[in-house]
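Worksheet for the structure shown next.
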Amino acid sequence: MIKIALVGNPNSGKTTLFNALTGSNQYVGNWPGVTVEKKEGVLKADKTAAIIDLPGIYSLSPYTLEEVVSRNYLLDEPPNAILNIIDGTNLERNLFLTTQLIELGIPVVVAINMLDISDKRGDKIDLDKLAAALKCKVVAISALKQIGVEDAANLAIKAVESPKKLPSTIFSGRTEHTLAHIEEALLHDLPQEQQRFLAVKLFERDTKIIEKLQLTPEQIAHIEADIKICEAEFDDDSESIITAERYGFIETVVKSSMTIKNTGLTISDKIDRIVTHRWLALPIFVAVMFIVYATSVTGVGLLATEWMEGGVFGDGWELFGLWVPGIPVIFEDILTAVNTAEWLQSLIIDGIIAGVGAVLAFVPQLMILFIFLAFLESCGYMARIAFILDRIFRKFGLSGKSFIPILIGTGCGVPGIMASRTIESDKDRKMTVITTTFIPCSAKLPIIALISGALFGGIWWIAPSAYFLGITAIICSGVILKKTKIFAGTVTPFIMELPEYHLPTVENILRSMWERAWSFIKKAGTIILLASVIIWLASNFGWQDGIFGRVYAEYSLLSYVGRAVAWLFAPLGWGNWQAAVSTITGLIAKENLVGTFGILFGFAEVAEDGTEIWALLATHFTALSAYSFLVFNLLCAPCLAAVGAIRREMNNPRWLFFAVGYQTAFAYLVAFCVYQIGSLFGGYFNIFTVLALVFVAAFLFMLFKRQNVQVA
Amino acid sequence: MQTLNKTKIGETVKVAKVHGEGALKRRIMDMGITKGVEIHLKRTAPLGDPIEITVRGYELSLRKEDAKMVEILEV
């Protein structure tokens, strides 16, 4: 099968072209080991050709994750041809990547997109002159209107067969001389068409290429002398010489092949005058966020989730006057009809369907949110959000775009975590994924209501304090984690394009929505299914009077686990096993915690805020230990659905464990300090108090420690 | 030394040299800020940072801290 790599800048219309070329024959995955998305598809018009969509990149430098992924792919498993999509309204910067691609020794076809827009502006591009200068085929396309896309693909297929051509010599005489010397000294054994790229990279002292070629120190020293002479002559480092000369070449090419008619303000300029205006920007941002939140979290989204939970995965729902029974009801009827054993029926309905249902119930809400995100991203506003909020968020090691996951996280952590995918920087994204669930989601509200009602007489400040705690946890974690080894070292530069606004197509938005929703269903679904079965078994089976079998909750395996680990929570002030068991069942869904307390205290069912058990709970907790319990459960590992989402976004087991481990350890330490230092005011002082004070001191030290900023 | 972060809104300047090293410098140059190119400072973000510039016909935003590395000449 012929492999064609689709390469281009972000915002060049690459996704639209990919969709136009492949239709529904797509496979979306990840590049191995990293969170960079990999898409593959079969060409609609010619089933013998596969299209590989590389991440949107500006350059083939070795510095960003996307660039490294693309480079490795192009070098290690070279495709048969490269289809390079270029934004015709932004020729100069787009051609920069092209000058690097044509050096690879792989046939390149350049497809100039959005030429209709630059035509309208009055700009004219001479495609033949451009093709002659780049020494490759150049075609005009409109990915949006699907004009010329098949021709472009056909040209790429034809280019595979064409005789190998050597790339243009685009650098200055002095630089070309040094490059020729490097080729002669180290690369003359390699195929001629590959030498160019490697010579340039060696000139740039690209460590990854030096490693790959396994050069000896003598060889490096040999070319180093040449590079130094060249650098001295230009009074700049070799990397900068190459970059500057590439742009120099592009300027000449563009000048000879393009006539630019200078028009005044574009539509984007006019929109930006308002949207990024000094005074209006923040109110507009708040309004946009309000619409997103009100629709996807409290409005239609909430209705959809309630319908899924109470209807589809509950008793049933009404469709135009017709009663449609819920999935558990249908299964119960079938299982009863075929005389299934009671325990098996319970496993299927209370274990599997309830567990998986709790996760799938989020899907409609997720889809609504993803539609919003896809729209904000593809219309260009998401980049403005980062621009407007960068000043605040960069202090905490987060991106301006982290605001959206956190806001959504107040409704539900699952879409919150998945919304982090819009953040480009890998570190900012990981940081956001780790900290998003610190903010209380709607499922944690019953826990807050329970504690505030049972121990604090419903006093007003408990709920606000939970949000304050969440926000503080995010900020402090950001500041502290930024200084740890894993996150420190490299500061991601914030040098971001503000793309022109444009209306995205319905197809692209729906496709992006579905890709995200499906990956949630698939990946989160498997882990939840397994966990649901395990927790169901553990909470229904155990020893009673020496006999193993189905038992009441207080004799179950889970209760033994609770008793076994309860001592761990004693320093937090709540060493009773009921609290430990409730915390464990809270992992399935946080609101389970209240119900579990009810069952363990002997109530079959309790209200959402657990009014029935308030009095009993008050005998097991003090105000302080109850608050510490609340703190732990608000901050610790989120529910399994959210853990599934973290797993999906991290795409790496070590990062998953780090995230969940950090959250739980952080929760433990904060609850510990709250309880122990709180007890100090009650006159208690012991070894734990000292420990708590040490923790607080260490925490403050980390918080205010100066950071050694290294820009790598 | 005149640098990009001190440029006023509405001014057009010419790049004299990009200082610094490594990823940051490479990124700045990859985005088209190279010696001799004209830069127009469009606006600053509502909170004063980052800045938005027009370079090579498109809009780019960068932090003032990073803009310090770009030495400029008044046009």
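Residue numbers (this note's numbering), protein chains in the order written: chain A, 79 to 790; chain B, 1279 to 1353. Glycine is no exception: its CB is placed at the ideal position from the N, C-alpha and C atoms.
Shorter than 7 Å from the beta carbon of Ala790/A to some beta carbon of chain B? Against the first sequence, residue 790/A aligns to sequence position 712. With a pLDDT of only 39 at Ala790/A, under the threshold of 50, the placement of this residue in the model should not be trusted, and no figure is reported.
As an exercise, report each continuous beta strand (DSSP E) stretch of at least 3 residues that is fully enclosed by the stretch 377-464 of chain A, in chain order. Listed in chain order, they are 394-397, 400-403.
Just verifying my parser: in three-state terms, what is the DSSP assignment at Ala790/A? Translated into the one-based positions of the first sequence, residue 790/A becomes position 712. Summary for Ala790/A: the model assigns pLDDT 39, below 50, so the residue's position carries little reliability, and this model does not support an answer.
Under a Cβ-count criterion, where at least 16 other Cβ atoms within 10 Å of its own Cβ denotes burial, should Ala310/A be classed as buried or exposed? Taking the first residue of the first sequence as 1, we reach residue 310/A at position 232. Residue burial annotation: Ala310/A is exposed, with fewer than 16 other C-beta atoms found within 10 angstroms of its C-beta.
Residue from Thr562/A, Gly640/A, Leu615/A whose Cα sits closest to the Cα of Arg628/A: Walking along the first sequence from the start, residue 628/A turns up at place 550. Of the candidates Thr562/A, Gly640/A, Leu615/A, the residue whose Cα lies closest to the Cα of Arg628/A is Leu615/A.
I need the DSSP call for Gly620/A, collapsed to helix, strand or coil. For the purposes of this step, residue 620/A is identified with residue 542 of the first sequence, where counting begins at 1. In the structure shown, Gly620/A sits in a strand (DSSP, three-state: E or B).
Would you tell me roughly how many angstroms separate the C-alpha atoms of His266/A and Asp154/A, rounded to the nearest one? As a working note, residue 266/A is residue 188 in the first sequence. As a working note, residue 154/A is residue 76 in the first sequence. Taking the straight line joining both Cα atoms gives about 19 Å.
Quick one: is Met1307/B near chain A, going by C-beta distance under 7 Å? Sequence index remark: in the second sequence, residue 1307/B carries index 29 (1-based). When Cβ-Cβ separations below 7 Å define contact, Met1307/B makes contact with chain A.
State the start and end residues of the unbroken alpha helix (DSSP H) segment that holds His255/A. Here residue 255/A corresponds to residue number 177 of the first sequence, with the count starting at 1. For His255/A, the uninterrupted alpha helix (DSSP H) run begins and ends at 251-260, by DSSP.
Can you tell me where the beta strand (DSSP E) holding Arg1334/B begins and where it ends? Translated into positions along the second sequence, residue 1334/B becomes position 56. Taken as a continuous stretch (DSSP letters only), Arg1334/B belongs to no beta strand (DSSP E), as it is neither H nor E.
So Lys1313/B contacts chain A; which residues on that side make the cut at Cβ distance below 7 Å? For the purposes of this step, residue 1313/B is taken as residue 35 along the second sequence, with counting starting at 1. Residues of chain A passing the Cβ test: Ala322.
Under a Cβ-count criterion, where at least 16 other Cβ atoms within 10 Å of its own Cβ denotes burial, should Thr167/A be classed as buried or exposed? Counting from 1 along the first sequence, the entry for residue 167/A is found at position 89. Result: buried.
Whole angstroms is fine: what's the gap from Glu1289/B's alpha carbon to Ile1329/B's? For the purposes of this step, residue 1289/B is identified with residue 11 of the second sequence, where counting begins at 1. For the purposes of this step, residue 1329/B is identified with residue 51 of the second sequence, where counting begins at 1. Those two C-alpha atoms are separated by around 13 Å.
Could you work out which residues of chain A lie near Gly1335/B, taking near to mean beta carbons separated by less than 9 Å? The residue given as residue 1335/B occupies position 57 in the second sequence. Chain A residues near Gly1335/B: Thr167, Asn168, Leu169, Glu170, Arg171, Ile338.
Using the Cβ count rule (16 or more neighbours within 10 Å means buried), how would you classify Ile625/A? Mapped onto the first sequence, residue 625/A falls at position 547. Exposed, since its Cβ has fewer than 16 Cβ neighbours within 10 Å.
May I have the straight-line CA-CA distance separating Glu144/A from Trp109/A, to the nearest angstrom? Numbered from its first residue, the first sequence carries residue 144/A at position 66. Numbered from its first residue, the first sequence carries residue 109/A at position 31. Those two C-alpha atoms are separated by around 10 Å.
Lys1315/B - DSSP class collapsed to helix/strand/coil: Here residue 1315/B refers to the residue found at position 37 of the second sequence. One detail in the question is off: residue 1315/B reads as Val in this sequence, not Lys. Assignment of Val1315/B by DSSP, reduced to helix, strand and coil, places it in the coil class.
Closest by C-alpha distance to Leu1338/B, when choosing among Lys1346/B, Ile1350/B, Glu1352/B, His1318/B: Indexing the second sequence from 1 puts residue 1338/B at position 60. Among Lys1346/B, Ile1350/B, Glu1352/B, His1318/B, the Cα nearest to that of Leu1338/B is on His1318/B.
Would you kindly work out how many angstroms separate the C-alpha atoms of Gly1314/B and Thr1332/B, rounded to a whole number? Position 36 of the second sequence, counted from the start, is the residue given in the question as residue 1314/B. Position 54 of the second sequence, counted from the start, is the residue given in the question as residue 1332/B. When the Cα atoms are used, Gly1314/B and Thr1332/B turn out to be separated by approximately 14 Å.
Pick helix, strand or coil for Val106/A, following the three-state DSSP scheme. Position 28 of the first sequence, counting from 1, holds the residue named residue 106/A. Annotated three-state conformation of Val106/A is strand, per DSSP.
Using 8 Å for Cβ pairs, my map puts Ile188/A next to Ala234/A. What's the rounded Cβ distance? Taking the first sequence and counting its residues from 1, one reaches residue 188/A at position 110. Taking the first sequence and counting its residues from 1, one reaches residue 234/A at position 156. Reading the sequence as shown, one finds Val at residue 188/A and not Ile. Not quite, the Cβ-Cβ distance comes to about 10 Å (not below 8 Å), so this is no contact.
Need the endpoints of the beta strand (DSSP E) that Glu239/A sits in, please. Position 161 of the first sequence, counted from the start, is the residue given in the question as residue 239/A. In the DSSP annotation of this structure, Glu239/A is not part of any beta strand (DSSP E); the continuous alpha helix (DSSP H) holding it starts and ends at 227-239.
Should Val584/A be labelled buried (16 or more other beta-carbon atoms within 10 Å of its own) or exposed? Along the first sequence, read from residue 1 onward, the residue named residue 584/A stands at position 506. Classification of Val584/A: exposed, given that the 10 Å Cβ count is below 16.
Any beta carbon from chain B within less than 7 Å of Ser374/A's own beta carbon? Walking along the first sequence from the start, residue 374/A turns up at place 296. Not closer than 7 Å to any Cβ of chain B, the Cβ of Ser374/A fails to qualify, so no.
For Ala616/A, verify whether its CB is less than 6 Å away from any heavy atom of the ligand FAD. Ligands in the displayed structure: none, and consequently the ligand FAD is not present.
Taking 7 Å as the cut-off, decide whether the C-beta atoms of Ile526/A and Ala551/A are in contact. Position 448 of the first sequence holds residue 526/A. Position 473 of the first sequence holds residue 551/A. Using a Cβ distance threshold of 7 Å, Ile526/A and Ala551/A do not count as a contacting pair.
Residues of chain A with a CB under 7 Å from the CB of Val1296/B: which are they? Locating residue 1296/B in the second sequence gives position 18, counting from the first residue. Within 7 Å Cβ-Cβ: Ser318.
On the three-state DSSP scale, how would you describe Leu268/A? Looking up residue 268/A in the first sequence gives position 190. Coil.
Which of helix, strand or coil DSSP assigns to Lys290/A: As a position in the first sequence, residue 290/A is number 212, starting the count at 1. Helix.
What residues in its chain sit with their C-beta under 6 Å from that of Asp284/A, if we drop five residues either side in the sequence? Locating residue 284/A in the first sequence gives position 206, where the first residue counts as 1. Pro140.
Report the three-state DSSP secondary structure of Gly1300/B (helix, strand or coil). Taking the second sequence and counting its residues from 1, the one referred to as residue 1300/B is at position 22. DSSP places Gly1300/B in helix when its eight states are reduced to three.
Between which two residues does the beta strand (DSSP E) containing Asn586/A stretch? On the first sequence, position 508 is the one that residue 586/A refers to. Counting along the chain, Asn586/A falls outside any beta strand (DSSP E), though it belongs to the alpha helix (DSSP H) covering 584-597.
Short CB-CB distance (under 7 Å) between Leu1319/B and chain A: Locating residue 1319/B in the second sequence gives position 41, where the first residue counts as 1. Taking CB atoms only, Leu1319/B has no neighbour in chain A less than 7 Å away.
Would you mind working out which of Pro577/A, Pro518/A, Leu205/A sits nearest Gly548/A, comparing C-alpha positions? On the first sequence, residue 548/A is found 470 positions in, with the first residue counted as 1. That would be Pro518/A, whose Cα lies nearest to the Cα of Gly548/A.
Around the C-beta of Leu781/A, are 16 or more other C-beta atoms found within 10 angstroms, so that it is buried, or is it exposed? What you label residue 781/A is simply residue 703 of the first sequence in a count that begins at 1. The residue is exposed, with fewer than 16 neighbouring Cβ atoms inside 10 Å.
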